[in-house]
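Numbering (the numbering used here), first residue to last: 16 to 285.
Next comes the structure, spelled out in structure tokens:
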């Protein structure tokens, strides 16, 4: 999801002198640096709707699967993961690692019971690595409703006004360590929401990032069970619980994402 209007501390690149010193010493790059280098290679010709080849998808997945919380300077006892006694939904914090027009890397830190509401990823390939904790994930993909069913035109009321049909892709609790999840522009659960069961952190790689100017805004949704509205029951006769109607909405007023300082290994840009 997109982080707007927040104080985000960007990781700074090292000086040329530092780069020369690293090359001279032959020191091993950090896990975060290896992830960045892999993303630079994979997304070199990236753009909206461009899905990397399977072997490149696997390269990024492999780099993320090997990441641990310590590799990015995180531990569950940090202040940003503590639930306060104040009223309301706990704020989510975002650690910015890197962003360019082709991809971005960042970490969402969620205290218990905090949530990231249902939102989309237009034209993006997204990798999500749960670093620690337990998180409930519910995700959807759009359903292309055929114009005809059983040789007859669908009734005009089949699709409720302002809504679109989607199918559930995931609806489960995930606990680290677990495999990196991947979503695509039109598959893999492009619309999803996160709810923290315990304190947890998830590292996201977005290729490409959100961009209003390039037609990739972050949209939020309400979801309603399929049976909530009348429709053509012949379309989903037996598994209607796997379908829902999604309705666009404004960003929820009670959803807050605060920028926080990333204190893990720095990324050396190239």
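Idealized CB from N, CA, C, for every residue including glycine.
*Mind pulling the beta strand (DSSP E) runs of 3 or more residues that sit fully within the region 86-166?*
107-114, 119-125, 130-134, 140-147 and 149-157, all fully within the region 86-166.
*asked:* If you reduce the DSSP assignment to three classes, tell me which class residue 38 lands in.
replied: With a pLDDT of 48 at residue 38, under the threshold of 50, the predicted position of this residue should be treated as unreliable, and no value is reported.
*Evaluate the contact criterion for the region 136-150 versus the region 58-75: three or more CB pairs, one atom per stretch, below 8 Å.*
Using a C-beta cut-off of 8 Å, the region 136-150 makes contact with the region 58-75, since at least three inter-stretch Cβ pairs fall below that distance.
*Leaving out the 5 sequence neighbours to the left and right, which residues in its chain are closer than 6 Å to residue 179 when beta-carbon positions are compared?*
Contacts found: 261.
_Same chain, Cβ closer than 7 Å to residue 167, neighbours up to 5 away in sequence not counted_ = For residue 167, the predicted model reports a pLDDT of 46, less than 50, meaning its position is unreliable and no value from the coordinates is stated.
_Report the CB separation of residue 133 from residue 269 in whole angstroms; it is logged as a contact under 8 Å._
Contact annotation, residue 133 with residue 269: C-beta distance approximately 14 Å; criterion of less than 8 Å not satisfied.
*Just confirm the distance between the C-beta atoms of residue 120 and residue 113, as a whole number of angstroms; I'd bet it's less than 8 Å.*
Between the beta-carbon of residue 120 and that of residue 113 there is about 5 Å, and that keeps the pair under the 8 Å contact cut.
*With a 10 Å radius around its C-beta and 16 neighbouring C-beta atoms as the bar for buried, classify residue 214 as buried or exposed.*
Buried, since its Cβ has 16 or more Cβ neighbours within 10 Å.
*Rounded to whole angstroms, what's the CA-CA distance from residue 188 to residue 205? Just pull it up for me.*
Cα to Cα, the separation comes out at about 18 Å.
*May I have the straight-line CA-CA distance separating residue 31 from residue 279, to the nearest angstrom?*
Unreliable positioning characterises residue 31 in this predicted model, as indicated by a pLDDT of 41, which lies under 50. A coordinate reading is not provided.
*asked:* Below 8 Å, how does it come out for the region 225-237 and the region 71-83: are there three or more Cβ pairs, yes or no?
replied: Three or more Cβ pairs closer than 8 Å define a contact, and the region 225-237 falls short of that threshold against the region 71-83.
*Name the DSSP bridge partner or partners of residue 210?*
According to DSSP, residue 210 bridges with 130 and 151.
_Does residue 43 pass the burial test, meaning 16 or more other C-beta atoms within 10 Å, or should it be called exposed?_
When all chains shown are included, residue 43 counts as exposed.
*Take residue 242 and list the residues in its own chain whose beta-carbon comes closer than 7 Å to its own, dropping the five residues that flank it on each side.*
Within the same chain, residue 242 has close Cβ partners 255.
*Among all the DSSP beta bridges, which residues are the ones paired with residue 47?*
BP columns for residue 47 are empty, so no partner.
*asked:* By the DSSP assignment, the beta strand (DSSP E) with residue 268 in it spans what residues?
replied: DSSP places residue 268 outside any beta strand (DSSP E), giving it a letter other than H or E.
*Would you say residue 158 and residue 182 are within 8 Å of each other, going by their C-beta atoms?*
Contact check for residue 158 against residue 182 passes: the beta carbons are separated by less than 8 Å.
*asked:* Bridge partners for residue 186 per DSSP, in chain order?
replied: Looking at the DSSP assignment, residue 186 forms a beta bridge with 153.
*For residue 108, which residues from the same chain have a beta carbon less than 6 Å from its beta carbon, with the 5 sequence-adjacent residues on both sides left out?*
Correct list, in chain order: 95, 124, 273 and 275.
*asked:* What would DSSP say about residue 202, mapped onto helix, strand or coil?
replied: Of the three classes helix, strand and coil, the one that applies to residue 202 here is strand, per DSSP.
*Mind checking residue 116: buried by the 16 CB within 10 Å criterion, or exposed?*
Exposed: under 16 other Cβ atoms inside 10 Å.
*Which value, in whole angstroms, describes the spacing of the CA atoms of residue 53 and residue 218?*
Going by the C-alpha atoms only, they are around 15 Å apart.
_With DSSP as the reference, identify every bridge partner of residue 197, one or two as the case may be._
In the DSSP output, where bridge partners are listed per residue, residue 197 has 142.
*Nearest CA to the CA of residue 155: which residue from 126, 209 and 146?*
Minimum Cα-Cα distance from residue 155 among the listed residues 126, 209 and 146 corresponds to 209.
*Where residue 225 falls: helix, strand or coil (DSSP)*: In the structure shown, residue 225 sits in coil (DSSP, three-state: anything other than H, G, I, E or B).
_Starting from residue 273, trace the beta strand (DSSP E) in both directions and tell me its first and last residue._
DSSP places residue 273 in the uninterrupted beta strand (DSSP E) bounded by 272-275.
*asked:* So the candidates are 196, 201, 244 and 153; which of them puts its Cα closest to the Cα of residue 2?
replied: In the structure as shown, the chain begins at 16 and stops at 285. Residue 2 is therefore absent and cannot be evaluated.
*Selected residue, minimal CA-CA separation from residue 127, among 212, 264 and 227*: Here the closest residue by C-alpha is 212.
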